[in-house]
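> Residue numbers (this note's numbering), protein chains in the order written: chain A, 1 to 550; chain B, 1001 to 1334; chain C, 2001 to 2345; chain D, 3001 to 3336; chain E, 4001 to 4345.
For every residue, glycine included, the Cβ atom is placed at its ideal position computed from N, Cα and C.
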Amino acid sequence: EAHEGERGRDGQLNIIYWQAPSTLNPFLSGGTKEVESASLIIEPLVRFNPQGEMVAWLAEDIPTVENGGVAEDLTSITWTLKEGVQWSDGTPLTSEDVIFTWEYCTHPEGGCAQSSYFDGVSDVVAVDDRTIRVEFSSPKPFPYTAFVGSESPIIQKAQFQECLGARAPECTDANFGPIGTGPFMVTDFRPNDVVTFEANPNFREEGKPAFASVNFKGGGDALAAARSVLETGEFDYAWNLQLAPEVLDQLAAAGNGQIVTAFATSVERLHLNQTDPDASLGEGRATMDHPHPFLTDPRVGQALSMAIDRQLIVDVGYGAAGQVTCNVLPAPEAYASTANDACKTQDMEGAKALLEEAGWVDSDGDGVREKDGERLSVLYQTSTNAVRQDTQAIIKQLWEELGVEVELRNIDASVFFGGDPGSPDTFQKFFADIEMYTNNFAGVDPEAYMANWRCSEIPSPETQWQGSNIQRFCSEEYDALVTQMSETAGLEERAELAKQMNDMLMQSYSIVPLVHRGNPSAHANSLGGIEMNDWDAEIWNIKDWYRQDG
Amino acid sequence: MTDQTATADPAPIKAAKERGQWADVWAQFRTHKGALIGSGVFLTIVATVLFGPYIWTVDPGYQDFRSRNVRHILACFSLPWGEIASCFTSPDTAAVNVTWVHPLGTDNIGRDTLARLLFGGRISMAVGLTAMAIALLLGTLIGILSGYFRRIDGPLMRLTDLFLALPLLPLLLVMVLLFRERLSSAFGPEGGIFILIVCGIGITSWMPTARIVRGDVLALKEREFVLAARSIGTRPARMILRHVLPNVMSPIMVSATLGIATAIITESALSFLGLGFPPDFPTWGRLLNDGVQYMQQYPERVVWPGALISVVVLSVNYIGDGLRDALDPRIRGL
Amino acid sequence: MLTFTIRRLLTAVPTLLFISLVIFLLLELAPGDPMAQVPLTVPPEVKQRMREALGLGEPVPVRFYKWLVQMFWVEPKVFIDWMTRDSWLLGWLPDTALYGGEQRVISWQTRSPVMDIIVQRLPQTLWVVGMAYVIGVLIALPIGIISAYRQYSVFDQVGTFVSMIGFSIPPFFSGVVVIVIFSVQLGWFPSIYDTTHRVVDWETFKVQISQMVMPVMVLALQTTAQISRFMRASMLDNLGQDYVRTARAKGMRERTVVLIHVLRNSMIPVVTVIALGVPSIFGGAIITEQIFKVNGIGQLFITALQANDLPMVLTVAFIFAFLIVLFNLIADVLYGVLDPRIRYD
Amino acid sequence: MADGAASRSDVILDVSGLKTVFRTRGGEVHAVNDVSFDLRPGELLGVVGESGSGKSVTMMSLLGLLPQPPAEIRAGTVMFGGQDLLKTPDRDLRHIRGARIGFVFQDPMTSLNPVFTVGYQLREPLRKHMGLSNKAAQDRAFELLELVGIPDARRRLSDYPHQFSGGMRQRVMIAIALACDPQILIADEPTTALDVTIQAQILDLMAELRERLKMAVIWITHDLGVIAGIADRVLVMYGGQVVEQAPVHELFTAPKHPYTQALLTTIPHIRGARADKLTVIEGQPPILSAAPAACSFAARCPVAFGRCKQENPPRFPVAPDHDAACFLLTEEPAHA
Amino acid sequence: MPDGSPPPLVSVQNLKMHFPIHAGLIRRRVGEVKAVDGVSFDIAEGETLGLVGESGCGKSTCGRAILRLYDPTEGEIRIDGTDIASLNHKDLRAKRPVMQMVFQDPQASLNPRMTVEAIIAEPLDEHTSMTTAEKREKVRELMDAVGLNRAFAGRYPHAFSGGQRQRIGIARALALNPKFIVCDEPIAALDVSIQAQVVNLLEDLQRQFGLTYLFISHDLSMVRHIATRVAVMYLGKIVEIAPREALYEAPKHPYTQALLSAVPEPDPAFRTARTILQGDVPSPANPPQGCNFCTRCPQVIDICHKTEPAMRELAPGQFAACHLYNETSDHAEAPEAQQEQLEVQ
Ligand SMILES: Nc1ncnc2c1ncn2[C@@H]1O[C@H](COP(=O)(O)OP(=O)(O)OP(=O)(O)O)[C@@H](O)[C@H]1O
Ligand SMILES: Nc1ncnc2c1ncn2[C@@H]1O[C@H](COP(=O)(O)OP(=O)(O)OP(=O)(O)O)[C@@H](O)[C@H]1O
Ligand SMILES: [Mg+2]
Ligand SMILES: [Mg+2]
């Protein structure tokens, strides 16, 4: 449906992001809210569409080996900027800006949150005003990371050149009002409160954006945000509405707007600690020196997994924003394995049988199975969050039915996800038997994500408990696959490898995936042009949004 | 000042006077209607939460997955006239989701609301009363010490300023960090958390009591009966216990009333922030908090816990009023 | 009294320094990490570099010292510059230009000066929380006076009942109730507060009022409940005093007797309570601000806490501590103004 | 009944049959029982009696100054200037209180409002009743303070009550009561808190003012020495009743009621022979929990006889202006 | 008192009690209220010394300082051979049973929340190790001794008449069988018939237990009744001290004369002319130069404004400090000499 007219014809757009951005420079924060809000202003070379496919944005097209944009030996990629792109201050976008962005984000003292996008980049050179070559230190089978996606946008050199490295925080004006090429520009920014934008007069596309201004409000909670769109109609668009399904349904029933969900790679999962978290071990607690007394037995993990009614969890906590999954890598389509789908239906009897077979029986009749004097008793922790607590409660009951004793604990998110080595409660220390949270990966390529579970990634006191292999899974075979993937270029082979790794993880039962999580948002019926997206900023195409009769 | 000899005078000595002090207190307390009703209600609630779980034996943590989001049985009244009776007799066929198995309904994962209210009441009341007691104890102690001993007045009042200024959340986080493991291993996970929460709330809410008590003690110290006690050589400890403390009871009583409410509500805020009891542990504050998002569809989820908290606070308030009167021999005597 | 005030002010300095040290150590000791909100997709080594960029690598005493310098030396310079440059009060003075680009107290979350954000948040905090406090006090006083004057009347009983209920209902509940009633069902008031709204004429003033009504209502309920209790108790204490009879014997009207003679005497404890509540206006109302999206200092504080934005939390907590100490002093001084018998020794 | 008092034209205040009751949790307190007396212009009427005998309550009942509840005026009339004060609405009473009848309360320590200056409290009635401007009121307040003998009066106007000594406060109270030149001054134990030298100053002041202003005074005290010095006529109260009324010299020379007689014997003397032991009135004062069915002094009366314990005696006249409530005055005791 | 008699039970030498007045930034001592300013007297065993004077002249302060309820500024107090003024707290506590006090205001000096039994038993709790039953019995005995009905033991102070309350205070003072009791205006708050009861009681007890009293009062008639000797105080100093008969019949000091003449006399037979004192009582913080009484003295002479008069014996046992009795114009007698005089009386 075409909807055309002059720029700014539709007046004001009201968006509520209940977690408000604290800065508009995504390089300094790395938080989703900052990235999303900045995506109205600054843009990358390429974005992903709702299907996870690349769409040339500031770049003229997508470079490939076929069209010569990517070097045969995979050590460089050459981008060409679209013709005639201007910054909102009217100056042209040039190669210099792209190179500067790389310099800015890789400065050792800058603390750039997105610097991993430039991993392996050895140099960025300007071929001419509109052509940039990104060179890699070693062959890069998937070279679409730097300047790709909402987390790696391009900033203006003229504005930021005084803000390199340690001086980054001093440039408050620039951080709070970056000049961009996007459809909107900032008129007022109040950290953690509200941003007002107005249409960029120099935006490259004729007649876009349709809205003259955007009021980008923060504060409150998900319920209030949903209510303001669905019930009172004060806002047009609300983000991240993780609410109980019946609440969302009831709000949607008011008829003012609708809920849209997009799925990417987020999976709510259980991590089964492969090391022993017993406090009596002191220093050796939760390290590889002390394997877990029973969770290292895949049969126990499998039984725990089989006992879970995933559909129930989805119904209670996620509704349309969740799907049952048995993979830690559920998407994109090509990477999703089907080998483990048996877990989608609960099998309590099977789970019990499995435990019996593994020697776990309830010999003293207290409802808890034991073996060799070891009780099947777990401490199950997660961050504080209503849905997670409901999930915990459901799983606890199911496991107790299975004959497993469960103690629940929830920890404040800022402690749980914080890396404070002084706190015993971080997810990385994992001083519990089982923990639950969501993880995903940015972009569409799982290589780095799957590399999380290498042996070398295991957190330990020596690494100040840093590391991404939270459940302490360790397999030489797996590590070999990771290496192999980093050398493979063909997309199909890569997919095959990814599936193989996924299945290996699944069959170790050190990770038990529960729900493939989508991102639910709500928009007013009067808002058109929305293409909900979880691969990029979800408001990635705000330039195409318009007002319609709702 | 008038010497009221006439009324007070004792020509016939009533036998009642020999019953002793506590009988008198009780006799006076009984005449305060509000206090009587208040204590009736309070005792009923205490008895209900103590013994209720033995009568209503449903496990508050048990999730009846087949009957999630059941309404309370009174929801039958929302039906058209003709269907109300049949709704009560055979709820399964009614147009609203009700059942006698869960007379007060269930939550979104099928836990029985009645059982949770009963069980949650135990915790909330225990937390409210204990935390209030700790805050009162600390507040009274610090108030009396700083009012009575001039030398430590300044430091103690600055300490009060400090505690008023301390942000509660980081303080609790630190307490959890430092003590949870140790307490959990000593008293079990629930006992440990209980002690932590109760101490946390107590430690962060004694300051107003301390200030009020100090003010009163400062004035009391100048009263002549304190000097009289000094003239017979009374030791400071006994002076405080006998002469000072009983005479500052009334502001302490008010603090107690407000303290229970604050403690119950703070506990809910704490569990909300993940610093409280384990998530499957219901408390009234948590039930209220969880229920807020369902307020429009299932108003009972906020009404029950909200009303219970208010009723407890109100009844404690009236009991406090009555007790204050009853403990005052002047009022009692009339 | 002046010497008393000065003496108290002088002792306030070490007190405040000590309080800020304790808060700093507390925050230091508290678990939590400014990187907690950064998505898990950001690799740990990047997070480590980000931490270092925030200055987290330096030892604790150095960081406290730096904060002290920034807070007590750099920020005042900025403030004086602002006073002499932009404020209407001292703007006519020559620009002092004391600030020479030294590092100010910088928030970790926003990478901008903490003070600027606090100043930005002040208007809505004062409008909403301050107004609620003023209204709460203004309602509470007459309620307290009447309930005491007509003790045990229906008015008094209802007052007691309502205020105890008001005190026992947390704002996270009452706030949502009023939103559901007045925004959703009746559609009278907006459920979301617009902090960018400017009052320029009658129409915009009406808008401002309508968006303030609900948060003010919820906050005022609590204030009213508490202060009316104090007022009532204090009035009751004084109504029975002999000087009341004297005033009546002089032929004064009831209104004069109650509102002049009794009230002034009863105000002494109430004023203390009121004055001690004032710092909490500046401190904001965390839950209510959150519910109505007012985004004042309360919301700033809680988001900073959640994000472990240590400089922000420390600065806000310090300002709060400062106000507590200040208003404690003001209360003590007011006490003496109201009651000539009070001596300061 | 005071005989024919109401009919006399030279009476400015006529109280008859006054009954005041307090309702308390422990039952009713009959503080004032059927009290009648009158007051003539320029006269000083002394009121004496035991603590708790209802002196203060009687006087406060006259002007509606008792908090109601708990107090309740059950019966009686108080005629002043042709109207019954007990039936006068509060609105009109206000123009009498302070303006035409001044009141000095028993306790000077608490009767002044501690948070207003003495000057303010003095100016208040002047502005209200005499319609004076602030300036004029200030001048008049100054005069009044001078009048009651407070040195440096101009400056002391801006002092607060706590800056005054007890005696000075009492004098300020008197100044307030006198502010609007009242026809009647009711002074409730105005000198109890004072030591003798200051008491003497005030007594002199009173005498001078009565002379000058022709003001009638009711003076309550338990100090018979004071009464002897300044009163014209004396009321003796016991157990909420007037038991004797007499001109002052007759009271001291020929007391008729046994209570009055007993009272006079209890006082130690500063001159004359020193008694080895002070006389006391044995027994306890009555409990005022019901209207008396018998003579309230009967239980302690050395000469009580049968009738005293069955009936409450009315006041029998014995001489002009002298009456007493005792059956002894009508008949000889039946017993030996 | 004749020479060679046993040493007095109580001996006060040059007692001074100054309350400091602080002012200024560093709370400098800018002056002092000279509540008691150099008082000396002795009380023999079994004797009653009356202490009279006008309100605020330092009578209560003097009484309290003698019992070390205040720490005296200067002077020596010997009771029963021990120097009270320099005892440490522990020894002082042990000494308390010997000396007790009956307070001015019977209502204020009794804890309203303690029963009579508890009040009277308190000294026993502190200083004896009696069993509960023994204490109970002792309390009953004491109540009998002071004429309180045993049945009242469980009542609270407010339920008593003023006279009965004063008896409770006396019973408490007697509990430890003291030798010396300071009675601070025990009758000021009572009405005549009750005053008589209390005074009779005190006399009975003195006879029974051989007590020694310091009887403070401003009621001269009552002092005449009870005291064996009388001291007259004015503005912190004793101006005259004499045996009862001498003082009342032939008062020497003009202040004593004025006091006596001001007592209203009920019996018309004894009426005399009154001396009315003019002028204001000077402040004890700033006493006049010379004789303290010079501002109000009807017989003031020049020297009174310059020199402080010395105490001299004018009749056997009758001492007064007044220039009118100077035989010569030489009045430079050293104060020490007078004190010696006082001691040998
Ligand atoms: N508010 C009250 N409630 C109950 N009883 C009261 C109240 N006020 C006074 N009474 C009683 O009324 C009686 C008379 O009191 P009143 O004050 O008139 O005595 P009085 O003669 O003035 O005594 P005094 O000489 O001590 O002043 C007393 O028995 C007193 O206890
Ligand atoms: N704690 C104190 N601090 C300062 N001054 C005091 C203190 N106590 C008493 N005074 C002053 O000392 C003087 C003597 O007071 P004191 O109480 O001894 O008088 P008094 O003779 O007992 O009077 P009264 O007859 O009124 O009881 C008074 O001027 C009083 O103001
Ligand atoms: Mg009286
Ligand atoms: Mg005294």
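(1) Just to confirm, is the Cβ distance from PRO209 of chain A to PHE176 of chain A under 8 Å?
(2) With a threshold of 8 Å between beta carbons, is ASN1289 of chain B in contact with chain C?
(3) For GLN114 of chain A, tell me which candidate among C:MET2115, C:GLN2103, C:PRO2076 and C:THR2041 has the shortest Cα-Cα distance.
(4) Less than 8 Å between the beta carbons of VAL3372 of chain D and ALA3325 of chain D, yes or no?
(5) Does the distance from the CB of MET2050 of chain C to the CB of MET2035 of chain C come in under 8 Å?
(6) What residues in the stretch 440–453 of chain A have a beta carbon less than 7 Å from any beta carbon of chain C?
(7) Any chance you could list the alpha helix (DSSP H) runs of at least 4 consecutive residues sitting entirely within the stretch 332–411 of chain A, in chain order?
(8) What does the alpha-carbon distance come out to for the pair PRO4251 of chain E and THR4228 of chain E?
(9) Would you say THR2005 of chain C reaches chain B, if we count a Cβ-Cβ gap shorter than 8 Å as a contact?
(10) Look at the alpha carbon of GLU4047 of chain E and the alpha carbon of PRO4243 of chain E, and state the distance between them as a whole number of angstroms.
(11) Check each candidate in A:PRO139, A:GLN471, A:PHE235 and A:PRO461 and name the one with the smallest Cα separation from ARG551 of chain A.
(12) Among residues of its own chain, excluding the 5 on either side of CYS171 of chain A, which ones have a beta-carbon nearer than 6 Å to its beta-carbon?
(13) Less than 8 Å between C-beta atoms, sequence neighbours within five positions excluded: which residues of the same chain meet that for VAL1292 of chain B?
(14) With a 10 Å radius around its C-beta and 16 neighbouring C-beta atoms as the bar for buried, classify LYS3277 of chain D as buried or exposed.
(15) Report, in whole angstroms, the separation of the C-beta atoms of LEU514 of chain A and ILE308 of chain A, which I expect to be a contact under 8 Å.
(16) Among the residues of its own chain, which have a CB less than 6 Å from the CB of TRP540 of chain A, if the five just before and after it don't count?
(17) Going along the chain, which residues of its own chain have a beta-carbon closer than 6 Å to the beta-carbon of MET3215 of chain D, five neighbours each way excluded?
(18) Using 8 Å as the limit for Cβ to Cβ distance, is ILE1309 of chain B near chain C?
(19) If contact is defined by three or more beta carbon pairs under 8 Å, each pair taking one atom from either stretch, is the stretch 2234–2247 of chain C in contact with the stretch 3111–3129 of chain D?
(20) Any idea what DSSP makes of ASP4042 of chain E, helix, strand or coil?
(21) Check whether the stretch 4207–4218 of chain E and the stretch 4046–4061 of chain E touch, using three or more Cβ-Cβ pairs below 8 Å as the test.
(22) Using a Cβ-Cβ distance under 8 Å, would THR3279 of chain D count as near chain E?
(23) Determine contact between the stretch 2222–2238 of chain C and the stretch 2158–2176 of chain C, defined as no fewer than three beta-carbon pairs at a distance below 8 Å.
(24) Have a look at the DSSP bridge pairing and note the partners of ASN439 of chain A.
(25) Give me, in chain order, the residues of the same chain whose beta-carbon lies closer than 6 Å to that of PRO92 of chain A; leave out the 5 immediate sequence neighbours on both sides.
(26) Determine the closest residue to LYS4059 of chain E out of E:VAL4232, E:HIS4253, E:GLN4299 and E:ASN4292, with distance taken between C-alpha atoms.
(27) When burial is assigned at 16 or more other CB atoms within 10 Å of the CB, is GLY319 of chain A buried or exposed?
For this structure:
(1) In the first sequence, counting from the first residue as 1, residue 209 of chain A sits at position 209. In the first sequence, counting from the first residue as 1, residue 176 of chain A sits at position 176. Not a contact, by the Cβ cut-off of 8 Å.
(2) Residue 1289 of chain B sits at position 289 when you count from the first residue of the second sequence. So, interface residue.
(3) On the first sequence, position 114 is the one that residue 114 of chain A refers to. Considering only alpha carbons, the answer is C:THR2041.
(4) Nothing about residue 3372 of chain D can be reported from this structure: the residues present for chain D run from 3001 to 3336 only.
(5) Translated into the one-based positions of the third sequence, residue 2050 of chain C becomes position 50. Translated into the one-based positions of the third sequence, residue 2035 of chain C becomes position 35. Taking 8 Å as the Cβ cut-off, MET2050 of chain C and MET2035 of chain C qualify as a contacting pair.
(6) ASN440, PHE441 and ALA442
(7) 348–357 and 386–402
(8) Within the fifth sequence, residue 4251 of chain E is the residue found at index 251, counting from 1. Within the fifth sequence, residue 4228 of chain E is the residue found at index 228, counting from 1. Cα to Cα, the separation comes out at about 15 Å.
(9) For the purposes of this step, residue 2005 of chain C is taken as the residue at position 5 of the third sequence. No, because no Cβ of chain B sits closer than 8 Å to the Cβ of THR2005 of chain C.
(10) The residue labelled residue 4047 of chain E in the question sits at position 47 within the fifth sequence. The residue labelled residue 4243 of chain E in the question sits at position 243 within the fifth sequence. Rounded to the nearest angstrom, the two C-alpha atoms are 11 Å apart.
(11) Since the first residue shown for chain A is 1 and the last is 550, residue 551 of chain A is missing from the structure and cannot be characterised.
(12) To locate residue 171 of chain A, count along the first sequence from 1; it is residue 171. Hits under 6 Å: CYS163.
(13) On the second sequence, position 292 is the one that residue 1292 of chain B refers to. Excluding sequence neighbours, VAL1292 of chain B sits near VAL1302.
(14) The count along the fourth sequence starts at 1 and reaches residue 3277 of chain D at position 277. Exposed is the call here.
(15) If you number the first sequence from 1, residue 514 of chain A lands on position 514. If you number the first sequence from 1, residue 308 of chain A lands on position 308. So it is a contact: roughly 7 Å between Cβ atoms.
(16) Against the first sequence, residue 540 of chain A aligns to sequence position 540. So the qualifying residues of the chain are ARG47 and ASN533.
(17) For the purposes of this step, residue 3215 of chain D is identified with residue 215 of the fourth sequence, where counting begins at 1. If we look at MET3215 of chain D and ignore the five residues flanking it on each side, its Cβ neighbours are LEU3185.
(18) Walking along the second sequence from the start, residue 1309 of chain B turns up at place 309. Taking Cβ atoms only, chain C reaches closer than 8 Å to ILE1309 of chain B, which makes this a yes.
(19) yes
(20) The sequence position of residue 4042 of chain E within the fifth sequence is 42, counting from 1. Three-state DSSP puts ASP4042 of chain E in a strand.
(21) yes
(22) If you number the fourth sequence from 1, residue 3279 of chain D lands on position 279. Yes, THR3279 of chain D counts as interfacial toward chain E.
(23) yes
(24) Numbered from 1 along the first sequence, position 439 holds the residue referred to as residue 439 of chain A. ASN439 of chain A pairs with A:VAL267.
(25) For this step, residue 92 of chain A is matched to residue 92 along the first sequence. Closer than 6 Å at the Cβ level, and outside the excluded window around PRO92 of chain A, lie GLN86.
(26) Against the fifth sequence, residue 4059 of chain E aligns to sequence position 59. Closest by alpha carbon: E:VAL4232.
(27) Walking along the first sequence from the start, residue 319 of chain A turns up at place 319. Buried.
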